[in-house]
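Visitor: Quick one: the structure is below, and I'll ask about it shortly.
In UniProt numbering, the protein residues as written are 1 to 499.
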């Protein structure tokens, strides 16, 4: 298990002098590591979640294969390493099972060099309770043909014991100026080799076994949402993709929904402070997302009809300027210590099963019960809440429709969190029904948000284009499309797969 932190250049020389690392045993000499990563021409190993490298350090050479673990929290990967003296990889050295896995992924295609890393590494070891952690400071670069990317990172690897101290130490180090870096060297290398930027990462539902306990399900769901959040950091910081902001906010909503669900089932379990932190982060990312939605609403709506109106240019220009500033603030939010500390402290809380310390002894046996019972209760409660809020949906006030949309989101998230415990086809049909109604309500919410944005001092509010947009949004708010009523009836008549 590993945690990577981006290390500012001015901290490299003094890292091992930090008081926090005063008990670490620093190895006197650094190492020069040169690693060549191999794959097929079309990167079949990468698509299979694997990376294969040959690394040289002095006279020592090793070959390492890493792979993604099913249901992993993102900090853990499968790994096998063997001494190897040749320049061309031979996966047979890993044994028949793993070598066959590689051949299945590559379909027998030849393995060729794709990129390499050259770093100078200094290491130390530190004991925290029963846990032994290796601290590696890497400085160097990733090289793919003519493309190069700097490396300056601190890697914490758990060698023995519980992982909770690993995450706690990483969280403490972020207070010294470092930040969590979810991108592995291999991921960065592949992007460099293709000349690409990071892309957004969408949610993938966790897989829960039928015999999964409540406690294990809680851990898997929280880690699943956390990984979606941090996996989208590179797409914002390196590519400024609008979808990255959206997916981070989706991840934080999923996480808040999960934490609220668990807090409801286990009052006082310690999740509230993390839910509050997730809300603050989502709010900080909100202005950037709001400007993206506003620009899309205007461009895909009124501008397509009133194409000859010249004042739309000034309106969209003002929104773009606000968007630029909002993206700067969003980047600052992710790079600030609070974001990294939130992720690492919640990960430590999960690793240590921190909720056990907050619960009464009478609640502890419930953690070992099958997760299906918790899922049934949560889904039924959210469904009934949605049915109650949705009465007279066509004439409901905006606030009530907004509340309904939030409950529908939570119902859909819960359906996806626990979906693997039920019939897959029934879950898919239900979530599509909920999603369609949620999207219709989302168009209404976008109109409400757009009207608020028009009130900003920087927006030209007295132009013809502004009047057109205001009228467009007012119509959406006061007269929802007739299909919303049909979507509501479809939802009411949908089969509740958990019953």
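Ideal Cβ positions, reconstructed from N, Cα and C, are used throughout, including at glycine.
Could you round the C-beta distance between residue 440 and residue 483 to whole angstroms and report it? I think they count as a contact, below 8 Å.
Guide: The Cβ separation is near 7 Å, so the contact holds.
Visitor: Kindly indicate which residue of 242, 462, 499 has the alpha-carbon position closest to the one of residue 314.
Guide: Closest by alpha carbon: 462.
Visitor: In terms of DSSP beta bridges, what is residue 133 paired with?
Guide: Paired residues: 126, 158.
Visitor: What residue from 57, 136, 466, 499 has the CA that sits closest to residue 302's CA?
Guide: The option with the nearest alpha carbon to residue 302 is 466.
Visitor: How would you write the range of the beta strand (DSSP E) that residue 79 sits in, first residue to last?
Guide: Segment 77 to 83, the beta strand (DSSP E) holding residue 79.
Visitor: Just confirm the distance between the C-beta atoms of residue 293 and residue 316, as a whole number of angstroms; I'd bet it's less than 8 Å.
Guide: Not quite, the Cβ-Cβ distance comes to about 13 Å (not below 8 Å), so this is no contact.
Visitor: Identify whether residue 493 lies in helix, strand or coil by the three-state DSSP scheme.
Guide: Correct three-state label for residue 493: coil.
Visitor: If I follow the unbroken beta strand (DSSP E) through residue 35, where does it start and stop?
Guide: Run containing residue 35: 31 to 39, per the beta strand (DSSP E) assignment.
Visitor: Between the segment 127 to 134 and the segment 177 to 194, are three or more C-beta pairs nearer than 8 Å?
Guide: Segments in contact, no.
Visitor: Which of the three DSSP states is assigned to residue 410 in this structure?
Guide: Residue 410 falls in the helix class under three-state DSSP.
Visitor: Output needed for residue 33: all residues of its chain with C-beta closer than 7 Å, excluding positions within five of it in sequence on either side, in chain order.
Guide: Excluding positions up to five away in sequence, the list reads 55, 57, 119, 121.
Visitor: At which residue ranges does the segment 405 to 455 contain complete alpha helix (DSSP H) runs of 4 or more residues, listed in the order of the chain?
Guide: Fully enclosed alpha helix (DSSP H) runs of 4 or longer: 424 to 453.
Visitor: Helix, strand or coil: which one does DSSP assign to residue 310?
Guide: Coil at residue 310, not helix or strand.
Visitor: Decide if residue 272 is buried, meaning its Cβ has at least 16 other Cβ atoms within 10 Å, or exposed.
Guide: Label assigned to residue 272: exposed.
Visitor: In whole angstroms, what is the alpha-carbon distance linking residue 321 and residue 244?
Guide: Cα to Cα, the separation comes out at about 19 Å.
Visitor: Are the segment 371 to 385 and the segment 276 to 292 in contact at 8 Å, needing three or more beta carbon pairs?
Guide: With the cut-off at 8 Å, the segment 371 to 385 and the segment 276 to 292 do not touch.
Visitor: Output the boundary residues of the beta strand (DSSP E) element that contains residue 54.
Guide: 50 to 57 is the extent of the beta strand (DSSP E) around residue 54.
Visitor: So, under 8 Å CB-CB, residue 12 and residue 152 are touching, yes? Tell me the CB distance rounded to an integer number of Å.
Guide: Rounded, the Cβ-Cβ distance is 7 Å, consistent with contact.
Visitor: Let me confirm a value: residue 455 is counted as buried when at least 16 other C-beta atoms fall within 10 Å, else exposed. Which label applies?
Guide: Classification for residue 455: exposed.
Visitor: Report the three-state DSSP secondary structure of residue 301 (helix, strand or coil).
Guide: Coil, per DSSP.
Visitor: Pick from 144, 412, 235: whose alpha carbon is nearest that of residue 386?
Guide: The shortest C-alpha separation from residue 386 is found at 412.
Visitor: Using the C-alpha atoms, what's the distance from residue 282 back to residue 324?
Guide: Taking the straight line from one Cα to the other gives about 18 Å.
Visitor: Please classify residue 119: does DSSP put it in a helix, a strand, or coil?
Guide: DSSP places residue 119 in strand when its eight states are reduced to three.
Visitor: Assuming residue 93 and residue 84 are in contact, meaning their beta carbons sit under 8 Å apart, how far apart are those beta carbons, in whole angstroms?
Guide: At roughly 6 Å, the Cβ-Cβ gap stays under 8 Å, so residue 93 and residue 84 are in contact.
Visitor: What are the boundary residues of the alpha helix (DSSP H) that residue 168 is part of?
Guide: Here the alpha helix (DSSP H) through residue 168 covers 164 to 173.
Visitor: Rounded to whole angstroms, what's the CA-CA distance from residue 339 to residue 202? Just pull it up for me.
Guide: Those two C-alpha atoms are separated by around 19 Å.
Visitor: Contact defined as beta carbons within less than 8 Å: I believe residue 370 pairs with residue 213. What is the distance between those atoms, to the nearest angstrom?
Guide: That pair is a contact at about 7 Å.
Visitor: Which whole-angstrom value describes the C-beta separation of residue 491 and residue 433, a residue pair presumed to lie in contact below a C-beta threshold of 8 Å?
Guide: The Cβ separation is near 5 Å, so the contact holds.
Visitor: Leaving out five residues on either side along the sequence, give the residues of the same chain with a beta carbon under 8 Å from the beta carbon of residue 352.
Guide: These residues qualify, in order along the chain: 162, 164.
Visitor: Determine the contact status of residue 123 and residue 27, defining contact as a CB-CB distance below 7 Å.
Guide: Against a cut-off of 7 Å, the Cβ pair of residue 27 and residue 123 comes out as a contact.
Visitor: Kindly say whether residue 445, judged by its beta-carbon, lies nearer than 7 Å to any beta-carbon of chain B.
Guide: This model lacks chain B altogether; it includes just one protein chain.
Visitor: If you check the beta carbons only, do residue 473 and residue 451 fall under 7 Å apart?
Guide: Their beta carbons are under 7 Å apart, which means residue 473 touches residue 451 by this criterion.
Visitor: On the DSSP bridge assignment, give the partners of residue 149 in chain order.
Guide: 142, per the DSSP bridge assignment.
Visitor: Applying the criterion that 16 or more other CB atoms from any shown protein chain within 10 Å of the CB defines a buried residue, is residue 173 buried or exposed?
Guide: With 16 or more other Cβ atoms within 10 Å, it is buried.
Visitor: In angstroms with no decimal places, state the Cα-to-Cα distance between residue 429 and residue 41.
Guide: If you take the alpha carbons of residue 429 and residue 41, they lie about 39 Å apart.
Visitor: Return the chain-ordered list of same chain residues with a C-beta closer than 8 Å to the C-beta of residue 25, the five sequence neighbours on each side being excluded.
Guide: Once the five neighbours on either side are set aside, the close Cβ partners of residue 25 are 124, 125, 126.
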